[in-house]
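Trainee: Let me begin by handing over the structure; questions about it come next.
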Amino acid sequence: MIRSERGGTWSAGYLSAVLSGVLLGISFPSYPFIRLEFIAWAALVPLLMTLRYDLGLRDFFLRVYASMLIFCAITLWWVCHATFFGGLLTIIAQAFFQSIPLLFFFFLKQLRGWRFALFSLPFAWVGWEWAYLSQDLSLGWLVMGNSQALMTPMIQYAEVTGVWGVSLWLLFFNIILADLIVSRQEGRHVVFHLLAVVVMLSGSMLYGVVAFDHADTAKEQSSVNVTLVQPDIDPFRKWEGFNSWDLIQVSMSMTDKAVTMARPDLILWPETAIPFHILDKPYQAYFDLLSKRVRRWDAALLTGFSDIVYYSREEVAGNKHLYKYDAGLDRYYQTFNASMFLEASGRVGAIYRKMKLVPFAERVPYVEYLPWLDRFTMSLAGITSWGKGSESTIMELETASGREVKLMNIICYESVFPGLVAQFVRNGAEFLTLVTNDGWYAKSYGPYQHAAIARFRCIENRRAMARCANTGVSLFLDRFGRVTSEIPWWQQRTLTASLSCNSEKTFYTRYPDLLPQGSLAVALFLLLYAFSRRMKT
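For the sequence shown, the working numbering begins at 1239 and goes up steadily by one.
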């Protein structure tokens, strides 16, 4: 063994770091039969213990990065199913971004010692999670609180704090356990630590009991009947030369049968269920056929599709690199990953264009500022360089009872952005819809992980959700994040259920950034305080 005078046993230090990475990784949602989320309550403890030693920056970072690399590999390996090279880059890059809060810990430890840095870490971590998620390069999958997405009885307080509060809770729980161990080793009392553990566990459980009790007694404002259509189509097949209209006919045929068994107010098709520009003039005949079918169904249709918008030379002046060019038509244009709301009359009622795009796979971050970055765009079955939407569109649905309700739609990856969904709800959405295509990831647990994270958006805003996936998992969630019914993955099926509507706004909905911004402010204050005290000595 290699031993450092100040750094402890070299191999033991790295083993502790790797152990934390493994524990963090397996604590995140995976297959339904694996429920290890409680491990996150102590997953960071081995890493925090090995970081007590007097380590240089290089050794410190290597331990931290090794831990985060293992964590990211276990949690995100399924991305490699869609693009192997892109998946590897994602894991390597995300491990670095996950290490940033612990670098803050390193500098505070140098200034004020391990215990001061320890109790400052949760504020820096949550502040960084929020700041990172606020920019285009982010992949918000690994927010610490997401590990608890399936623990619905214990995360109901997210209606006040959002997922950020769950991250903060987890981090403080880990830190109290780490400090408890060190305090025992030093012969100090640990009554405070034990009391804190009891209060944190009982507090979160008690909040859940009260929330569910309120759910049983609360009066339902109104409801909407929604039909999910899961066509179960291989996404690579969809985008690589297969007859697109044949694919749409699959969904139409399934819907024909569904509406004879139920009377939905809204029919939901998945992301890019229409994989061509059906609203473009050359495809008018196809749109007319779809519109006629919607009128026959006597229900609104919300479907994902590929949208196209044309621009004049004047509109693209100075930013031509952001647009594609059709030489035959001599026109600039952008294509969008979008959703279209067709009213029961067959008329287009609203279009939403995806605002949060998967970095590099759908759009290169910051290409508007640095045009040369466009060469790093990755192609996924021919899909590349989507335009970026800018409007949080609210759609209005007339139900069979004659009442008008407001809804919103998010597309795939957007469900990991809590502030985005809160923005829609502040704008009036009474229930949530999500369309996605998780078939890229075969039978990995990526689709289950994605579906689990959506639960937070329901709890945070107290809104029910209809989630429609191309290959699964399609499901209905109530406003407490509980699954009420679902279609298993890789099955061609429809499902109809009643979703409750809600117009009340939670504290989190009104102030979605309050806790993470406050955490960031506290972290910066603690850094300044530590630095000023160091200067005085």
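Ideal placement from N, C-alpha and C gives every residue a C-beta, glycine not left out.
Going by alpha carbons, who is nearest to Ile1691 out of Leu1408, Arg1534, Pro1267 and Ser1249?
Mentor: Out of Leu1408, Arg1534, Pro1267 and Ser1249, Pro1267 has the C-alpha closest to the C-alpha of Ile1691.
Trainee: For the alpha helix (DSSP H) that Glu1367 lies in, which residues bound it at each end?
Mentor: It spans Trp1352 to Leu1371 - the alpha helix (DSSP H) in which Glu1367 sits, taken as one unbroken run.
Trainee: Assuming Ile1496 and Thr1734 form a contact by the criterion Cβ under 8 angstroms, report the distance between their Cβ atoms to the nearest whole angstrom.
Mentor: As written in the sequence, residue 1496 is Ala, which differs from the Ile given in the question. Correct: roughly 6 angstroms between the Cβ atoms.
Trainee: Tell me Gly1542's beta-bridge partners as DSSP assigns them.
Mentor: Gly1542 is bridged to Ser1577.
Trainee: How far does the alpha helix (DSSP H) with Ala1693 in it extend, from its first residue to its last?
Mentor: Ala is not the amino acid found at residue 1693; the sequence shown has Arg there. Its alpha helix (DSSP H) spans residues Gly1684 to Asn1699.
Trainee: In its own chain, which residues sit with a C-beta less than 8 angstroms from the C-beta of Arg1551, not counting the 5 before and 5 after it?
Mentor: Cβ neighbours of Arg1551 beyond the five flanking positions: Tyr1570.
Trainee: As an exercise, report each continuous beta strand (DSSP E) stretch of at least 3 residues that is fully enclosed by the stretch 1395-1471, in chain order.
Mentor: Within the stretch 1395-1471, the complete beta strand (DSSP E) runs of at least 3 residues are 1460-1468.
Trainee: Ordered along the chain, which non-local residues of its own chain (more than five positions away) have a Cβ less than 6 angstroms from that of Ile1312?
Mentor: Excluding sequence neighbours, Ile1312 sits near Gly1263.
Trainee: Determine the burial state of Glu1367: buried for a count of at least 16 other Cβ atoms within 10 Å of its Cβ, exposed for fewer.
Mentor: Glu1367 comes out buried.
Trainee: Taking the C-alpha atoms as reference points, what is the distance between Thr1493 and Val1467?
Mentor: Distance between the alpha carbons of Thr1493 and Val1467 is about 7 angstroms.
Trainee: Return the Cβ separation of Ile1512 and Phe1474 in integer angstroms, given the expectation that the two are a contact with Cβ distance under 8 angstroms.
Mentor: That pair is no contact at about 17 angstroms.
Trainee: Which residues in the same chain have their Cβ closer than 6 angstroms to the Cβ of Gln1636, if we skip the five residues on either side of it in sequence?
Mentor: For clarity, residue 1636 is Glu in the given sequence; the question names Gln instead. Only Glu1642 meet the Cβ criterion.
Trainee: Am I right that Leu1672 and Arg1701 are in contact with their C-beta atoms under 8 angstroms? What's the rounded C-beta distance?
Mentor: In fact, because the Cβ distance is near 11 angstroms, the residues do not count as touching under 8 angstroms.
Trainee: Grab me the residues of Ser1628's own chain with a C-beta within less than 8 angstroms of its C-beta, minus the 5 sequence neighbours each way, in chain order.
Mentor: Excluding sequence neighbours, Ser1628 sits near Arg1591 and Met1593.
Trainee: Would Gln1729 be called buried (16 or more neighbouring beta carbons within 10 Å of its own) or exposed?
Mentor: Its Cβ having fewer than 16 others within 10 Å, Gln1729 is exposed.
Trainee: Helix, strand or coil for Pro1597? Go by DSSP, reduced to three states.
Mentor: If DSSP states are grouped into helix, strand and coil, Pro1597 belongs with the strands.
Trainee: What three-state label does DSSP hand Ser1242 in the structure shown?
Mentor: Confidence is the limiting factor: at Ser1242 the pLDDT is only 45, short of 50, which leaves the residue's position unreliable, though a coordinate-based value still follows. Here Ser1242 sits in strand by DSSP.
Trainee: What does the alpha-carbon distance come out to for the pair Tyr1788 and Thr1674?
Mentor: Outside the displayed range of the chain (1239 to 1775) lies residue 1788, so it cannot be described from this structure.
Trainee: Would you give the residue range spanned by the alpha helix (DSSP H) that Val1554 belongs to?
Mentor: That run of the alpha helix (DSSP H) goes Arg1551 to Val1554.
Trainee: State the beta-bridge partners of Val1721 as determined by DSSP.
Mentor: Beta-bridge pairing links Val1721 to Leu1715.
Trainee: Rank Gln1661, Leu1307 and Ala1320 by C-alpha distance to the C-alpha of Ala1255 and give the top, closest one.
Mentor: When only C-alpha atoms are compared, the closest one is Leu1307.
Trainee: Tell me whether Gln1373 is buried or exposed, calling it buried when 16 or more other Cβ atoms sit within 10 Å of its Cβ.
Mentor: Classification for Gln1373: exposed.
Trainee: Report, in whole angstroms, the separation of the C-beta atoms of Cys1739 and Ser1460, which I expect to be a contact under 8 angstroms.
Mentor: The Cβ separation is near 5 angstroms, so the contact holds.
Trainee: Closest to Trp1279 by C-alpha separation, out of Leu1295, Arg1350 and Leu1408, would be which residue?
Mentor: Here the closest residue by C-alpha is Leu1408.
Trainee: Relative to the C-alpha of Phe1335, which residue among Trp1624, Leu1595, Phe1299 and Ser1385 is closest?
Mentor: Considering only alpha carbons, the answer is Phe1299.
Trainee: With respect to 8 angstroms, is the separation between the Cβ of Tyr1683 and the closest non-hydrogen atom of the ligand FMN below this value?
Mentor: Ligands in the displayed structure: none, and consequently the ligand FMN is not present.
Trainee: I want to know whether the stretch 1754-1767 touches the stretch 1703-1714 - three or more CB-CB distances under 8 angstroms.
Mentor: Taking 8 angstroms as the limit for Cβ pairs, the verdict is that the stretch 1703-1714 does not touch the stretch 1754-1767.
Trainee: Using DSSP with H/G/I as helix, E/B as strand and the rest coil, what is Tyr1548?
Mentor: Three-state result, Tyr1548: strand.
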